[in-house]
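Novice:
Below, the structure is given as structure tokens:
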């Protein structure tokens, strides 16, 4: 059964929100191990930037694999 467009959107938004939270928590836990001390505001900003980069990466890879799929079908 194919996923509806609405559920695809809900999944994508949930993925971004969870990814952002994981990034911020990971930074808070991992940065001090390496001697990096940042404020919560800095962690939130960096998490947002990492989320944007991850979203662009994910979109680009989807486009590449879609092009590969289309090339193998035709």
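Numbering (our numbering), first residue to last: 454 to 527. Backbone N, C-alpha and C fix where the C-beta goes; we use that ideal spot for every residue, glycine too.
1) Given a cut-off of 7 Å, decide if residue 503 and residue 476 are closer than it, judged by their beta-carbon atoms.
2) Report, in whole angstroms, the separation of the C-beta atoms of residue 481 and residue 496, which I expect to be a contact under 8 Å.
3) Starting from residue 488, trace the alpha helix (DSSP H) both ways and give me its first and last residue.
4) Under 6 Å Cβ to Cβ from residue 501, same chain only, skipping five residues before and after it: list those, please.
5) Might you give, ordered along the chain, the residues of its own chain that have their beta carbon closer than 8 Å to the beta carbon of residue 457, omitting 5 neighbours on each side?
Specialist: In brief:
1) Within the chain shown, numbered from 1, the residue matching residue 476 stands at position 23. Within the chain shown, numbered from 1, the residue matching residue 503 stands at position 50. Taking 7 Å as the Cβ cut-off, residue 476 and residue 503 qualify as a contacting pair.
2) In the chain shown, counting from the first residue as 1, residue 481 sits at position 28. In the chain shown, counting from the first residue as 1, residue 496 sits at position 43. 6 Å between Cβ atoms; contact.
3) Position 35 of the chain shown, counted from the first residue, corresponds to residue 488. Looking at the DSSP string, residue 488 is not in any alpha helix (DSSP H), and its letter there is neither H nor E.
4) Along the chain shown, one-based indexing puts residue 501 at 48. Result list for residue 501: empty, nothing under 6 Å.
5) One-based indexing of the chain shown puts residue 457 at position 4. Contacts found: none.
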